[in-house]
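Residue numbers (full-length UniProt numbering): 1 to 167.
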C-alpha cells in the first residue's frame, strides 16, 4: 500500500504539505480499513498492484459532513448507513495513469453498491482527478473542510448509484 501511494502521489508528497506525507496517509488508511462496510478494489499487473480504490457506506450520525461550508440542508446530510457510499480514494501508479485503470476501478467499486448515492471529496486544484470525475458523471454540490490536522478545503461531489460500468 505504501509503495503504491508513493508511486501515485509523487508530486503531492514532494510538495511538503503535511497532509500529503506518506506517514500521514498510512495513518488515515489504517483508520479507513477499520470502518464498517469498508470495500476496496485493487488492479494488478503481473501480480503487482498498479491501482486501487476504496470507500465505505456512511453510518447514521457520520462525521463525514462535519466541516461542510455549503448549506445543503439537514435532509441532505442525514445518513442511515444505507444512503451514501463515500468513495475515499482512487490511486494509480504514475506509470499506469492515462490507461483507463482509474475508471475501471471506479466502475468496479461503484457498480454493485446498493446505496442510492455516492460522495467524494476532491481538491479543486487536482485538475486531472476533477476532470475525470466530471467526465464520469460526478456533480459538485459544495465545499467541505474536514477537521483533520492540516486538511485542505475540498469540493464535495455526488453521483447517483449504481454506476453503469463502461467497457
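We treat Cβ as the ideally placed atom computed from N, Cα and C, and that holds for glycine.
Query	Result
When we look at the beta-carbon of residue 53 and count the other beta-carbons within 10 Å, is it buried (16 or more) or exposed?	buried
Can the beta-carbon of residue 118 be found less than 8 Å from the beta-carbon of residue 77?	no
Given this structure, state the Cα-to-Cα distance separating residue 1 from residue 57, to the nearest angstrom.	22 Å
Taking the continuous alpha helix (DSSP H) assigned at residue 88, which residues delimit it?	Counting along the chain, residue 88 falls outside any alpha helix (DSSP H), though it belongs to the beta strand (DSSP E) covering 84 to 92.
Distance check for residue 14 and residue 129, CA to CA, integer angstroms please.	18 Å
Do you know how far the Cα of residue 121 is from the Cα of residue 9?	16 Å
Answer yes or no: do residue 93 and residue 50 have a C-beta to C-beta separation smaller than 8 Å?	yes
Whole-angstrom Cβ separation of residue 38 and residue 32, contact assumed at under 8 Å?	6 Å
Which word fits residue 138, buried or exposed, when buried means at least 16 other C-beta atoms lie within 10 angstroms of its C-beta?	buried
Quick one: grab the DSSP three-state call for residue 128.	helix
Report the rounded CA-to-CA distance for residue 4 versus residue 96, giving the unit in angstroms.	11 Å
How about residue 116 and residue 160: do their beta carbons lie closer than 8 Å?	yes
Beta carbon of residue 164, beta carbon of residue 154: below 8 Å?	no
What ranges does the beta strand (DSSP E) occupy inside the region 24 to 50, keeping only unbroken runs of at least 3 residues that lie completely in it?	39 to 45
I need the straight-line Cα distance from residue 162 to residue 19, nearest angstrom please.	31 Å
By Cβ distance below 8 Å, which residues in the same chain neighbour residue 61 in space, the five residues on each side in sequence not counted?	79
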